[in-house]
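Protein chains in written order, with my numbering: chain A, 1 to 303; chain B, 1 to 303; chain C, 1 to 303; chain D, 1 to 303; chain E, 1 to 303; chain F, 1 to 303. Inspection log for the structure reproduced underneath, given as structure tokens.
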């Protein structure tokens, strides 16, 4: 064991580090079941996006001659790989005493098949989203540009997928999916948010949409918009109450301009328009424009 | 065809999905010519950045002994690969009836050669940008740090490249380039924006610079600044009018502090300083400081 | 030399480009020592994060059976690779006349060993950070979710590593590390910032924390918060004075809500709460809530 | 052009090297059309082998649920990629003056489609080859072992594919395919050889089968067997006559043991058995065993 | 299902191909359990060779400071990955009716642990093999050269590993391992062969060593040597009898020169020397030199 | 240290393994300087082959427009990477007491520059080799086919490179290069062999050419030919004498057919022809054909 002793000399702090892992409290993950892997989820999302928008990645030709094969093969691959990841997520959270793990396997297959069976519907919704983006941005020169270039559409497409898994109570993976979108686009949508078709996020960096947000049809928002919570309820032990409705509900046709902030479980009703930088903690009636009073600015000539 | 039938049973929704692709409307891309690929454009941008700042990627030694070879080989590679992508972009947009596609090939070669011939000029401009960043940020310890670490410089270098292609009316690719920069830096510059030398974006996350923005020399902006449009003109059919000047024009030596928003086709004249969080929909004369009146804040002791 | 002449014809601008590289001023890096490489630093950060949170990447099983080997091998790899990069950084900055470069080698080894010896302590601090995040966000369903999904934790973990190297005056690499985090999370922390344990950044996009910021225990901030400088001192030659304290100091238990901006070397004392969108250039006493007066908003029914 | 001159000093021999490339004679390939790429052909062969033996590579599950998609997608990929390579091969050989290159494109599509349409037949033949190998080797424990482990089967499968392209007079690519097999297995079959079903090569290293060899059904050969040419006809100018039948013809059910050599256009008739190390330049009648007279060996005790 | 019909038109042969897969006979692998993967086995062999000869791959520094970690991590990785592959191999061969597959899992773990526990012994044996090679080849300039460059040593090291799994009756994988060695070295050793220490194969291409061969200590053979079977026993149904001793037994200190062939279950006793190209189907007593009578050669002057 | 103890239990044999590494004798490589890496040498050979035959790899277009850049960049890359590897090789063999290692650095640079300066000459020689192959094989349809497909040419090109380094007494790397060729082609040439221009190896598998072989101009050999040593001289201590001339010398225009074996330091003089399977331990005069007497074969009809 001479090697070891020499080694321990080199990393004299190793013992402390190992003891830290062995402690029972906090962020320890030794001897637990393996977690789902972010890189696997990324690859699965790429395949799912290729199914939703075949040919748009520019990596291969998709024609009416090979369409059924390309899509069928992607579906088959996603089913196999996503089931593996979802099973890890269920087993990780599973209380071993009451589950034979066969239950976890069955729940995973079922969850993935349910997601896949929603793809035709999700694609129809996303086509409406694409059309809404094109109609809403004079800088867009074609619908292809929306699919290929707009971060808002990418974040939304990923959200529509992850939200299906969220509804099925798949642990961790929906959040991993939305954080992959957040990293790439700067748009942070919680997988719990319910978003109807025709949603358009322009530019997008800094957008935050909270877990219990509900968004109607044809809503349009800009960079830096926050749909957040106002304050957090605590239980009698002082712990946060999780799962309560605490974010806004937006009606159909609402528009929210850049950097506006709306907090709390309030209703912004059908057709309302919220101006840039507005700060709101109250509801807004339908067909109402809300603007900040023009903040007074001082102009001072210095030369 | 037993296999097939079994398969169709497994993915019962496949038929619906395929019918969705076959529909003529919306985001369909079957049987069209292949789109340019984001991954190829990424690789090309890496090579172009290595040409603009040889040695800075740290991936290889560039010395006066091999400089001409390294640069020459990168130029030759970029010319070949970018021409392929630009040709795809032109052909995709091409109306087959009036074009033999040889025209598309010729336009592509010409566009790429024009871009490459601008590289010496772009490099001189970027050297001024680097110097401006160093002069403007006390946290910067060297010009190398600017090139290696500053997201603002990266976004700007990519913009200067994409803007050349935008001027040549290359479809899609300029937007793809700027979205690659947006993803990496959180800075969203439309390739149409005209930006003179000595431009410095500090921190950068959340910056939005619209398509028809014009920026003079030695302008400095901070994170979260929006140079946006106020409202969109529509034609008699209610469709957006695309291409009109609708974003600000900044004179030389303008400074805009964090989270300020300037909307519409207004002129912020030479040397003006716009304070943080200011919200402006009007022009500003030269050598004028614009600040929000200090927003009143309440202080409430609670303990 | 016929080949060459033909080639020069093809790239007629090459001569100009080469002359630009040969110029002595500005962003030239020919014939200098190789810079550290961003891609190498990325790989090293992945390994360091795996040491801090073994098993969380989902790429392999870490059990009590292989823990010492996995950690030991990662430590050994990081030591070798990071020392190589740090040596490049020192040598690049080194004034050859007074240094035999052996000094640079020694300083590098010493810096890396110092960082590694801090890992047990950093891990204990990060466990407190994780617990703070779980306690502070009702949307979090487990501590694992914090580690796997929260960009704030990732940016903070990378900062805690880079800050150690910053204190050791390692050139360039601390900034490269924090920009890697910035790219991925939209959170821009300067490696110089001093941050105590229990720090939680929710959502995070657009957060900027300046070089001389000091943050106490159990501080919580939200997306878009800026802890910035107010104005930059210049010396008699008009050059920026670098290194001065010019950013805020936050006491323990401070909370700062989304998009608030605090500028200058001011003290926000223990337990203070700064409301969303507040714009502050002055200190705040302990246990004080600061809010903007509710900005007046206009409601206009339009239909 | 200072850079260049400095560079030329460093590689003083560069000028000589470049002049060598510019010379018109010999192995020069400058300014010609691009050759097919060995790496692309390797990838295509992997896909073709996966079509012929789905599931055997162990890289993915192939089930009756995804069979049609996996195979269809592989076929579609191979058609696209192989057509690209075959087009390069035709164009490289094409005499530009008489061909518009559209002809080359058409010939390529047609050649690849012809190859693909032979796949069902080739697969039936290869199933017979697998059964023959299992029947002929007592060390084989299953037919799967033949497909997964036997170099003879791999070389034969690749040959059956390349031979189809050889018959269609596709330039270069059939030879590239068989050399890929040669590198991996040590078995050198010329793509011109005609080989009926039930062929088994055991061990295989050193086997050489010449261009005009013809092999009947259920033939079995061992390592080191050469089916070669005896001498080469020359034309009146002293150049080799290419394309003449100059290699053996083997009838059905022939067996040739290790290291036997058969040279020239001779017939080894149905059922003949050629012993190990036999050296033959003449034909053999049906149902005849040919052995070397036992070569006399000397035994000398030395201790 | 229009897409499908169009597709089937394109690949008119697809139906035939699919029917071929569905047939019950022959090389079909649909709906079976996944086979072990050659690429995974290759990776595992690389790791095992790094354990046997740490540092020799030149891919990383192995020092007394990190030795225990590097080796421990490799062991842990190999145990996990090889167990996965061995389980696939057992399950594939498993008769489901009598096995719950838990048995397969247990057998796999046990087999891999047994192999790993033999590593210290195998390493001691391989050190003797290296020394024998150095002592036997005047062209070798160091023992490192043997480990780094000699294909004979690589084939032998892989064989010593696979032979352990063969003895444990692991299906398929031992053969896959030796074929990986065969591809790389041209040396074809069946995993069943029993080979004592001090074995040296020089050059190696074309060497074949059959399944039931037994080789004593300090044996030396050259390129092209075959240790094969003479004829195969068949049972009453005409099928080959598998598993019988049918290859040679070599005593200690035997030398066999290039291209010699020894066939059948004969004994070449201690210290015998078999000359190049000798063809033997009989045993040889100890300390005996066997040479072909010099084959008469004709010399004919032609000029 | 609980982790460690648990771990040691799992791998109970680890202690034995580590002790084996620590022993001073035999194949140990701990704490020595890093060896050159086979994978690096492979990459360097690919680059060198691209310099010798630009465009033939099919990976990129090489035209008179980019030729100087492509070649110059490859030269510059090879110089940097090969110098690193050669330095490792020298330092590994270096006796530290008499060398400051600066000497090793200098020797490496000098060796690599000498090799590179030979490239124009080597290319001229290889063009003669290509022409000789085309002239000698009726199955070859073009000189391109020789370069792209013939393993003999690849082995020879690599040998011509490695032989230059061998003459410069670079340790290990020449052998690594030729074993890379051996693995790919089955042709085993020792880097010490001296081979004049116009050399052609057809098929090649199993060819062995020993260290002190000398080969004249326009020599042609076939698969399985051995140019070997007869017996090895030993010194008074019984150790092999290394470095003595012990392999054949072939004059110009010699031809050796398949599987012939020539052993010892004998001269096969100008224009001699050695028949297939001939076994020779003596010299042959110029312009002489050597054939085995036709080995008598028995023909036995069995049906």
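For every residue, glycine included, the Cβ atom is placed at its ideal position computed from N, Cα and C. Computed from a predicted structure; not experimentally measured.
DSSP beta-bridge partners of residue i
| i | result |
| --- | --- |
| residue 64(A) | According to DSSP, which records beta bridges pairwise, residue 64(A) is partnered with nothing at all. |
| residue 280(C) | 262(C) |
| residue 226(F) | 208(F) and 261(F) |
| residue 188(C) | 208(C) |
Exposed unless 16 or more other CB atoms sit within 10 angstroms - verdict on residue i
| i | result |
| --- | --- |
| residue 103(F) | exposed |
| residue 333(E) | Examination of residue 333(E) is not possible in this model, given that chain E is present from 1 through 303 alone. |
| residue 220(B) | buried |
| residue 123(C) | buried |
| residue 298(A) | exposed |
| residue 12(A) | exposed |
| residue 14(A) | buried |
| residue 71(E) | buried |
| residue 58(F) | buried |
Any non-hydrogen atom of the ligand PLP closer than 8 Å to residue i Cβ
| i | result |
| --- | --- |
| residue 285(F) | Among the components of this structure there are no ligands whatsoever, and the ligand PLP is therefore not found. |
Proximal residues to residue i (C-beta, below 6 Å), its chain only, five neighbours per side dropped
| i | result |
| --- | --- |
| residue 193(E) | 209 and 213 |
| residue 181(D) | 155 and 158 |
| residue 24(A) | Only weak support is given to the placement of residue 24(A): the predicted model assigns it a pLDDT of 49, under 50, and the value that follows is read from those uncertain coordinates. No residues qualify anywhere along the chain. |
| residue 257(D) | 222, 275 and 276 |
Test item: CB-CB of residue i and residue j under 9 Å
| i | j | result |
| --- | --- | --- |
| residue 173(A) | residue 41(A) | yes |
| residue 78(F) | residue 125(F) | no |
| residue 18(F) | residue 67(E) | yes |
| residue 55(A) | residue 129(A) | no |
| residue 176(A) | residue 278(C) | no |
| residue 151(E) | residue 114(E) | no |
Neighbourhood of residue i by C-beta distance below 7 Å, restricted to the same chain and skipping five residues each side
| i | result |
| --- | --- |
| residue 240(E) | 232 and 234 |
| residue 282(C) | 266 |
| residue 141(A) | none |
| residue 118(D) | 164 |
Close-in-space but distant-in-sequence residues of the same chain around residue i (CB under 8 Å, 5 per side omitted)
| i | result |
| --- | --- |
| residue 270(A) | 216, 251, 252, 253, 254, 286 and 287 |
Query raised in the report: Closer than 7 Å, Cβ to any Cβ of chain D: which residues of the stretch 205–235 of chain F, in chain order?
Result: 205, 206, 223 and 224
Report task. Please list the residues of the stretch 49–70 of chain F that have a C-beta atom closer than 8 Å to any C-beta atom in chain B, keeping them in chain order. Result -> 60, 61, 65, 66, 68, 69 and 70
Query raised in the report: Taking Cβ-Cβ distances below 8 Å as the criterion, which residues of the stretch 181–194 of chain D are in contact with chain E?
Result: Residues 184, 185 and 186.
**Report entry** Residues of the stretch 73–102 of chain E whose Cβ lies closer than 8 Å to any Cβ of chain C, in chain order
**Finding:** 73, 75, 76, 77 and 80
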